[in-house]
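What follows is one structure encoded as structure tokens, with my remarks underneath.
There are 2 protein chains.
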Amino acid sequence: MKDRKQDIINAALVVLREHGLSGFTQPRIAAGAAVRQSHLTYYFPTRVDLLAGVARAAIDQELAAVDAIVGVSSPQAAAKVIADIAVRHENTRVIMALAQAADQEPTLRELFRELADGIILRASKLLENLNITPTDEHCFLLHALSVGLAVIDLATARRGGQRRAERTLGTALTLLTKGTEK
Amino acid sequence: MKDRKQDIINAALVVLREHGLSGFTQPRIAAGAAVRQSHLTYYFPTRVDLLAGVARAAIDQELAAVDAIVGVSSPQAAAKVIADIAVRHENTRVIMALAQAADQEPTLRELFRELADGIILRASKLLENLNITPTDEHCFLLHALSVGLAVIDLATARRGGQRRAERTLGTALTLLTKGTEK
DNA sequence: GTCTATAGATAGATAGAC
DNA sequence: GTCTATCTATCTATAGAC
Chain U
34 MKDRKQDIIN
44 AALVVLREHG
54 LSGFTQPRIA
64 AGAAVRQSHL
74 TYYFPTRVDL
84 LAGVARAAID
94 QELAAVDAIV
104 GVSSPQAAAK
114 VIADIAVRHE
124 NTRVIMALAQ
134 AADQEPTLRE
144 LFRELADGII
154 LRASKLLENL
164 NITPTDEHCF
174 LLHALSVGLA
184 VIDLATARRG
194 GQRRAERTLG
204 TALTLLTKGT
214 EK
Chain B
34 MKDRKQDIIN
44 AALVVLREHG
54 LSGFTQPRIA
64 AGAAVRQSHL
74 TYYFPTRVDL
84 LAGVARAAID
94 QELAAVDAIV
104 GVSSPQAAAK
114 VIADIAVRHE
124 NTRVIMALAQ
134 AADQEPTLRE
144 LFRELADGII
154 LRASKLLENL
164 NITPTDEHCF
174 LLHALSVGLA
184 VIDLATARRG
194 GQRRAERTLG
204 TALTLLTKGT
214 EK
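Chains U and B, in that order, give the protein sequences.
If you read the first sequence in this note's numbering, its first letter stands for residue 34, the second for the next number, and so on.
If you read the second sequence in this note's numbering, its first letter stands for residue 34, the second for the next number, and so on.
As structure tokens, this is what we get:
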């Protein structure tokens with residue numbers, strides 16, 4: 034017994050990972066889920082419904098990926114783990130797709146906020162592990178920096194992007210450490 | 034005497050600012066430029082050609098906006114100027130559109146790199162003005178942080194975004210200052 | 001050289017068959 | 001309740017008129 038709805042969502046997630054929001058079309062998703070396009074509209078009456086369903090799944094998946102930072106206790110290790118996530122272009126495409134969707138559809142904005150809050154929470158835990166005072170600014174800084182690194186790496190696709198991101202994150206975490214101890 | 038080509042590029046820029054890459058369609062652009070859709074294909078045979086033309090103009094425009102940081106000499110003032118740019122959603126949509134286009138069309142990647150390099154150059158000048166050693170990491174950090182702040186603000190659309198971005202940038206610039214003087 | 005009518009492809013949504 | 005044939009809208013590209 035198959036769960037069609039889940040099949041569709043999984044296929045839609047793959048599409049977001051590979052093609053971003055502009056490639057998020059019913060025909061492509063239907064092909065991936067091995068159902069007919071018109072079949073999608075039974076489970077998800079409109080495109081936005083489908084987008085909301087897949088956003089829910091994408092957020093859970095992204096937060097699970099970010100959970101890799103739990104238990105990290107040195108700035109160097111943290112920089113490496115975050116950089117690894119940031120240069121994974123499939124992740125970045127999903128994030129950008131969610132951001133655009135939130136921008137276009139006010140309905141979906143709450144979902145993106147949930148993602149952002151989840152990341153801030155995890156950033157807070159990480160900073161605690163590193164003995165850095167996890168103020169709002171520090172957490173937000175780390176989040177924004179990671180997002181920016183991911184977007185720039187996706188677009189420039191330069192060699193050594195992973196190392197560059199890692200070094201930049203290392204610099205930031207070192208500065209945060211120094212700034213805290215005084 | 035009108036310069037049709039320029040009219041079209043201007044209209045296309047407006048579309049990118051308001052709708053992003055997914056809204057970048059020939060009919061919409063043609064309407065904005067007050068010409069027929071099929072007319073566009075005379076000046077720009079394919080969609081990618083048009084995208085390349087408008088990317089060129091968008092980059093010049095974005096770099097001109099970033100030039101607002103020239104002459105700024107205090108961290109607080111710099112934080113404010115950068116935050117002002119970051120929360121201007123029209124700018125962010127253009128940046129994201131260029132990033133996506135670069136991701137999808139290898140042809141356009143070089144254009145995005147040019148934008149990134151231009152921003153890094155300006156970041157370097159800013160840091161010099163602030164008496165912060167403008168290392169590669171510092172410049173890249175500032176760039177990535179700004180991009181991340183912009184994307185997050187676009188997607189969450191939370192109140193007080195401007196102040197939050199400003200505070201975060203202020204924190205970062207303060208840390209950079211402290212980290213440099215030792 | 002400049003512009004347009006029209007074709008060809010692909011998207012999303014509906015009404016209705018099983 | 002599950003699935004499909006089909007319709008309408010919209011997008012890009014071409015061939016050809018002026």
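Backbone N, C-alpha and C fix where the C-beta goes; we use that ideal spot for every residue, glycine too.
Neighbour flag for residue i against chain U, beta carbons, 8 Å
i: GLY181/B; result: yes
i: LEU33/B; result: What is shown of chain B runs 34 to 215, which leaves residue 33/B out entirely.
i: GLN94/B; result: no
i: LYS211/B; result: yes
i: LEU178/B; result: yes
i: GLU123/B; result: no
i: LEU84/B; result: no
Cβ of residue i within 8 Å of any chain B Cβ
i: ARG200/U; result: yes
i: ILE185/U; result: yes
i: GLU161/U; result: no
i: ARG196/U; result: no
i: LEU206/U; result: no
i: LEU46/U; result: no
i: THR58/U; result: no
i: ALA110/U; result: no
i: ASP100/U; result: no
i: THR189/U; result: yes
i: ARG142/U; result: yes
i: ALA132/U; result: yes
i: GLU51/U; result: no
i: MET34/U; result: Unreliable positioning characterises MET34/U in this predicted model, as indicated by a pLDDT of 43, which lies under 50. A coordinate reading is not provided.
Three-state secondary structure (DSSP) of residue i
i: GLY104/B; result: coil
i: ARG197/B; result: helix
i: GLY190/B; result: The amino acid occupying residue 190/B in the given sequence is Ala; Gly does not appear at that position. Coil, per DSSP.
i: ILE247/B; result: The requested residue 247/B does not occur in the structure, where chain B is confined to residues 34 to 215.
i: ALA67/U; result: coil
i: VAL81/U; result: helix
i: GLN150/U; result: Here the sequence assigns Asp to residue 150/U, which means Gln is not the residue at that position. Three-state DSSP puts ASP150/U in a helix.
i: ASP93/B; result: helix
i: GLN173/B; result: One point to set straight first is that residue 173/B is Phe, not Gln, in the sequence displayed. If DSSP states are grouped into helix, strand and coil, PHE173/B belongs with the helices.
i: ARG61/B; result: helix
i: GLY181/B; result: helix
i: VAL120/B; result: coil
i: GLU143/U; result: helix
i: GLY53/B; result: coil
i: ASP136/B; result: helix
i: GLU36/U; result: Reading off the sequence shown, one finds Asp at residue 36/U, where the question assumed Glu. Here ASP36/U sits in coil by DSSP.
Residues near residue i in its chain [Cβ-Cβ closer than 7 Å; skip 5 each side]
i: MET34/U; result: Annotation note: pLDDT 43 at MET34/U (below 50); position unreliable, no value reported.
i: TYR76/U; result: ARG37, LYS38, ILE41
i: GLY194/B; result: VAL120, ASP186
i: THR213/B; result: ILE165, THR166
i: ARG50/B; result: GLU123, ARG126, VAL127
i: ALA91/U; result: LEU46, LEU49, VAL127, LEU131
Proximal residues to residue i (C-beta, below 6 Å), its chain only, five neighbours per side dropped
i: SER106/U; result: ASN162
i: ALA183/U; result: ALA119, THR125
Own chain, CB closer than 8 Å to residue i, minus 5 neighbours either side, in chain order
i: GLN59/U; result: GLN70, LEU73, THR74, ARG80, LEU83
Closer than 7 Å: residue i CB and nearest the ligand SAM heavy atom
i: LEU154/U; result: Of ligands this structure carries none, so the ligand SAM is not represented either.
- Item | Interfacial residues, the segment 147-158 of chain U to chain B, with Cβ spacing under 7 Å | Going along the segment 147-158 of chain U in chain order, one finds ALA149 with a Cβ nearer than 7 Å to chain B.
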